Amino acid sequence: MRVLIVGSGGREHALAWRISQDDPSVELIAAPGNPGIADLAECVAVGA
Numbered sequence: 426m427r428v429l430i431v432g433s434g435g436r437e438h439a440l441a442w443r444i445s446q447d448d449p450s451v452e453l454i455a456a457p458g459n460p461g462i463a464d465l466a467e468c469v470a471v472g473a
C-alpha cells in the first residue's frame with residue numbers, strides 16, 4: 426500500500442513515524458516533507 430502525507434510539520438512527521446512503525450511494508454510519500462520525514466518517506470517537491 427502507498428500512503429501520501431501532505432505537509433512538512435511535526436504532525437506529518439508523527440504520522441509518518443507511526444505508520445512506519447505499524448507496517449514497515451507501507452510505501453510512504455511526503456509532499457513536500459522535511460529532513461526528518463525524509464528518513465522515513467520519499468519526499469517529493471510540489472509546485473505552488
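Per my numbering, residue 426 is the first one in the sequence shown, and the count goes up by one each step.
Yeah, the Cβ is synthetic: ideal placement off N, Cα and C, and Gly gets one too.
In this text the structure is predicted, and so the values were computed from the model without any measurement.
Would you list the one or two residues that DSSP bridges to residue i?
i	result
residue 457	432
residue 427	452
residue 467	454
Mind checking residue i: buried by the 16 CB within 10 Å criterion, or exposed?
i	result
residue 429	exposed
residue 452	exposed
Alpha carbon to alpha carbon, what distance is there between residue j and residue i?
i	j	result
residue 426	residue 473	27 angstroms
residue 462	residue 442	8 angstroms
Under 8 angstroms from any heavy atom of the ligand NAD, does the C-beta of residue i make it?
i	result
residue 436	With respect to the ligand NAD, the structure shown offers nothing to examine, as it has no ligands at all.
Whose C-beta lies closer than 6 angstroms to the C-beta of residue i among residues of the same chain, with five residues either side of it excluded?
i	result
residue 467	454
According to DSSP, simplified to helix, strand and coil, what is residue i?
i	result
residue 441	helix
Once you ignore the five residues that flank residue i on each side, which residues in its own chain have a CB closer than 7 angstroms to its CB?
i	result
residue 448	none
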